[in-house]
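*Asks:* Chains as they are written, first to last, in the working numbering: chain A, 1059 to 1328; chain B, 1059 to 1328; chain C, 1059 to 1328; chain D, 1059 to 1328.
Positions of the beta carbon are idealized from the N, C-alpha and C atoms, including for glycine.
Dropping a structure here in structure tokens format, bear with me for questions.
Now the structure itself:
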């Protein structure tokens, strides 16, 4: 069967490079997506967008539709949030990434450059099929308790519909310890690269759940050969409406970018 | 916060009894849902429906939209499958249960009595909100790696939309051993009953993944005080289009029903 | 390799029945081991021993050497505890089961009828080899995160030394939920019976960690075909020096014994 | 309670630096332990010892007593292996690290500089107490499914006996995926450093289980701030008697040492 699977190296030996505006993800490129967990206001998203661009991020992330465990938690600014994200995109020229939780909302994402499918929806096959019909890249996050095979077969749902621009994102798996929110499965990077031509990025922010762990986990993921990172940055983490605890300040993010670039060169033996 | 949560005992001390036609789920009732994993043909579903009714099942299950890990596996007969399920319902009078994977398909489920939300969609919040707006019961399966708190908060998404007829279903959690497909978390039954007024049923078929384990796990779940069972029955497991390995034959199912009834009486100290 | 493994059905097709005094474990027998987590005083152990014998237990358990996560928790009465256990044995005629944590302590266990190896020591190979040289039965508990293959190979360490009287004990595996201390893996009972001729008993007390879950889990394990149970009983759980929360009172235990006997008959189709 | 725990920062704020001959582990030091999984012959251990010393390792590892899941797998050269390890120590001057599986074997370890307690014995309290009475450092590996609290309390067993020279070693936790043998829990490094003054090293060889993953995981662990690494090196991995698949060749190890040194400087912001 594996020969016929579109995600497989047998099907497509060379690395897939996903192009988003001027940004390239995969192959020899190393790409950083940064921004706030949630879009909260025009000032917030524009300020963060300019800061992460200055620090070297190639794409801007910003959540407008937020999957929250409780229905009573902040659910995002929705359509309004996407409008504000477009303003930040216009001001900085950064392509944008934002999560979509249901096919019916896709029309609102017209100006969003990369559609994110969250970990909770990794096996929401109706949504995977819907984004498979789009002509824009999809960033697919691994579910918290899904094997690599399940992850790749979810990507296959998108590829099978004709959309070949899929970016895989490891964001931590559920383990038994109370200490960290999720355990980043860094060995998955090499194992995914071996089995698929699709780019593999890592989200250390959700894995760590604590800002002080983010830089080390980001450097670690880079040393393991990921094709990029997705990192939460907020100008005022304390007052963030969601995930403030795991957001870096722009200056912390800028410092990390420098370290990450050097680590990538060393890991690549350059 | 827990006072305000609609699933909680604080909010609603007495057990919720969900009525589906003549069937009642919850409280002092013990209810069995049985049928094939997938609806395959009129003859198959009608034959199984009559057999499970004769053996004492109160509801008929039959999958028309099948969530499969691979996009190339049998995906179900879809709309046609739901038509065949309605025929079996008409011939036997059994209310029906079938899984819906996306809000856009809901209109096709008009004649289905209970909408099932599968484990993969337990945190598909758009779908939960959509079924929360329906005037029919929802059977919500626990995700393979979700805590009881996450499970109950997903139920809350449905309750919060105004639909109070939610049935919880434990179907096994992901563990580390290769042996069984999933490990049935039977302690969850008592713990859920303590925290919520919603009925809790168990699906031993998906947990076991092997037919010979189903009867013992069904009896075990009954001994643990579940409010009912959902069991896969097929007249010809070997040729089933999905999950044949875990389906019981009608005669096996009939024998199990007798054992389950006796075990429930003993466990209740009657 | 499996042909050569002494635990395997290929090596020894018929069930092994372990005899301990008048008690028999395995085959068609159903055997209950009961007693306090820790031996605390002569009055306590003798009172509990008489109570569990009256309720139908065939063996008496009592911990003298206690493996505790913290070095500052009560570690058991050690040699003195074993003396008190012998007194209870003499007064009731019940064979005894007690945990040994190190080969050097074995001489103190001369009057103990069954040596228990705890979950933490399942892969303490030096200890397994030492008890493999004894001429008395060994009750081997499954580690909290060990596969069935690892469990059986640890039993093989004992068998390989010449001691064929090994009793396997499932006591719960580590899962991700905060709710229960351990998740009882009941499907393991059938899977172990398929692969090995050794008897398989279940300890619902340690799996549940809460007394009110013990009866239901004990009945569930019985429905799944285990060869016996090991249950903690204490005359005054509130003041127990260890695991009081999960101990049953003698009267609760007596009631459970009656239910368990009936459930076993029903599960066996008698 | 935590104030009284000897492992805690409250008890001992500054980092503990464990001295072994000229090697120092902890604080500002970065220390590498390398060598074969098993000592196999004088030529093998001496050759590897010279190679890892030349590449910058400060300590030599070599297993003489091997904990193997099956009693029929190679169990190590035992006393003879320790003699050969001493020869390699004499020829290179490298202090040695070797695993002890039972207190009765400790007299044989007189010339071994650091006693290793393996993951399977992390809660073998009799062994922990025995090494707690020694006047030499102990390298304690985290069990595959133990929480950080359980890990630290096992260290406390050693400290409580009077031996303050304990080195903690993360070697991977059991997860649900089939892909990698164990998942390295790198977030544990920071979390342990926060809670304890004891040095924390990482063993990427056992976590990865595949040689090609070892360099990336070693660099990742270094980026996360571990105090050192323990790496398996073999001159002829294909013919190794144990764990050959995860052993690096001396030249691979030498290259990795250079990368690790640079990554540590970058991660430390130097």
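What is the rounded straight-line gap between the Cα of residue 1168/B and the Cα of residue 1303/B?
*Replies:* Approximately 31 Å between the Cα atoms of the pair.
*Asks:* State the DSSP-derived secondary structure class of residue 1316/C, mapped to helix, strand or coil.
*Replies:* Helix at residue 1316/C.
*Asks:* From residue 1162/B to residue 1165/A, what does the alpha carbon distance come to, in whole angstroms?
*Replies:* Straight-line Cα distance between these residues: approximately 15 Å.
*Asks:* If we cut at 8 Å on Cβ distances, does residue 1226/A have a partner in chain B?
*Replies:* No, residue 1226/A does not count as interfacial toward chain B.
*Asks:* In three-state DSSP terms, what is residue 1270/D?
*Replies:* The answer is helix: DSSP assigns residue 1270/D an H, G or I state.
*Asks:* What does the alpha-carbon distance come out to for the pair residue 1157/B and residue 1117/B?
*Replies:* Looking at the two C-alpha atoms, the distance is approximately 14 Å.
*Asks:* So residue 1118/C is in the beta strand (DSSP E); what residue range does that whole segment cover?
*Replies:* It spans 1117–1119 - the beta strand (DSSP E) in which residue 1118/C sits, taken as one unbroken run.
*Asks:* Whole angstroms is fine: what's the gap from residue 1226/D's alpha carbon to residue 1259/D's?
*Replies:* Rounded to the nearest angstrom, the two C-alpha atoms are 6 Å apart.
*Asks:* Roughly how many angstroms lie between the CA atoms of residue 1203/D and residue 1204/C, to the nearest whole one?
*Replies:* Their Cα atoms are separated by approximately 9 Å.
*Asks:* Cβ of residue 1320/A less than 8 Å from any chain D Cβ?
*Replies:* So yes, residue 1320/A belongs to the interface.
*Asks:* Rounded to a whole number of angstroms, what is the C-alpha to C-alpha distance between residue 1213/C and residue 1186/C?
*Replies:* Going from the Cα of residue 1213/C to the Cα of residue 1186/C covers about 8 Å.
*Asks:* At what residues does the beta strand (DSSP E) containing residue 1290/D begin and finish?
*Replies:* Unbroken beta strand (DSSP E) run through residue 1290/D: 1286–1290.
*Asks:* Taking only runs that begin and end inside the region 1081–1114 of chain D, name each unbroken alpha helix (DSSP H) of 4 or more residues, in chain order.
*Replies:* Correct list: 1100–1112.
*Asks:* Extract the residue ranges of the alpha helix (DSSP H) inside the region 1130–1207 of chain A, only unbroken runs of 4 or more that lie entirely within it.
*Replies:* Segments of the alpha helix (DSSP H) lying fully in the region 1130–1207 of chain A: 1137–1150, 1183–1190.
*Asks:* Where does residue 1310/B sit, in a helix, a strand or coil, going by DSSP?
*Replies:* If DSSP states are grouped into helix, strand and coil, residue 1310/B belongs with the helices.
*Asks:* For chain D, is any of its Cβ atoms less than 8 Å away from the one on residue 1309/A?
*Replies:* By this cut-off, residue 1309/A is not an interface position.
*Asks:* Among 1222/C, 1093/C, 1138/C, 1130/C, which one has its Cα closest to the Cα of residue 1261/C?
*Replies:* When each option's Cα is compared against that of residue 1261/C, the closest is 1093/C.
*Asks:* What does the alpha-carbon distance come out to for the pair residue 1100/C and residue 1142/C?
*Replies:* Approximately 5 Å between the Cα atoms of the pair.
*Asks:* Does any residue of chain A have a CB that is nearer than 8 Å to the CB of residue 1165/B?
*Replies:* Chain A, which has no Cβ nearer than 8 Å to the Cβ of residue 1165/B, makes this no.
*Asks:* Could I get the ranges of all uninterrupted beta strand (DSSP E) runs contained in the region 1210–1268 of chain B, with 3 residues as the minimum, in chain order?
*Replies:* The region 1210–1268 of chain B contains these whole beta strand (DSSP E) runs: 1224–1228, 1258–1260.
*Asks:* Residue range of the beta strand (DSSP E) that residue 1078/D falls in?
*Replies:* 1076–1078 is the span of the beta strand (DSSP E), which, as asked, contains residue 1078/D.
*Asks:* Tell me, to the nearest whole angstrom, how far the beta carbon of residue 1255/C is from that of residue 1072/C; I am working on the premise that it is less than 8 Å.
*Replies:* Indeed, because the Cβ distance is near 6 Å, the residues count as touching under 8 Å.
*Asks:* Report yes if the C-beta of residue 1299/A is less than 7 Å from at least one heavy atom of the ligand ADP; otherwise report no.
*Replies:* Ligands displayed in this structure: none; no statement on the ligand ADP is therefore possible.
*Asks:* Distance cutoff 8 Å, beta carbons only. Does residue 1267/A sit that close to anything in chain B?
*Replies:* No, because no Cβ of chain B sits closer than 8 Å to the Cβ of residue 1267/A.
*Asks:* Report the residue from 1175/A, 1200/A, 1201/A whose alpha carbon sits nearest the alpha carbon of residue 1190/A.
*Replies:* Residue 1190/A has its Cα closest to that of 1175/A, out of 1175/A, 1200/A, 1201/A.
*Asks:* Determine, using beta carbons only, whether residue 1312/C and residue 1280/C come nearer to each other than 8 Å.
*Replies:* Their beta carbons are not under 8 Å apart, which means residue 1312/C does not touch residue 1280/C by this criterion.
*Asks:* Given that residue 1242/B touches chain C, what residues does it touch there, using C-beta distances under 8 Å?
*Replies:* Neighbours of residue 1242/B on chain C, chain order: 1244, 1245.
*Asks:* What does the alpha-carbon distance come out to for the pair residue 1067/B and residue 1253/B?
*Replies:* Approximately 6 Å, taken between the alpha carbons.
*Asks:* State yes or no: is the beta carbon of residue 1249/C nearer than 8 Å to at least one beta carbon in chain D?
*Replies:* Output row for residue 1249/C: interface = no.
*Asks:* When burial is assigned at 16 or more other CB atoms within 10 Å of the CB, is residue 1112/D buried or exposed?
*Replies:* The residue in question, residue 1112/D, is exposed, as its Cβ has fewer than 16 Cβ neighbours within 10 Å.
*Asks:* To which residues does DSSP link residue 1066/A through a beta bridge?
*Replies:* Bridge partners of residue 1066/A: 1254/A.
*Asks:* Count the other CB atoms, across all protein chains shown, that sit within 10 Å of the CB of residue 1086/A; report buried if there are 16 or more and exposed otherwise.
*Replies:* Exposed, since its Cβ has fewer than 16 Cβ neighbours within 10 Å.
*Asks:* Quick check on the burial criterion: 16 or more other C-beta atoms within 10 angstroms. Buried or exposed for residue 1120/C?
*Replies:* Its Cβ being crowded by 16 or more others within 10 Å, residue 1120/C is buried.
*Asks:* Return the chain-ordered list of same chain residues with a C-beta closer than 6 Å to the C-beta of residue 1199/D, the five sequence neighbours on each side being excluded.
*Replies:* So the qualifying residues of the chain are 1176, 1177, 1227, 1229.
*Asks:* Would you mind telling me which residues of chain D sit closer than 8 Å to residue 1211/C, beta carbon to beta carbon, in chain order?
*Replies:* In chain order: 1127, 1128, 1129.
*Asks:* Alpha carbon to alpha carbon, what distance is there between residue 1275/D and residue 1267/C?
*Replies:* Their backbone Cα atoms lie some 37 Å apart in a straight line.
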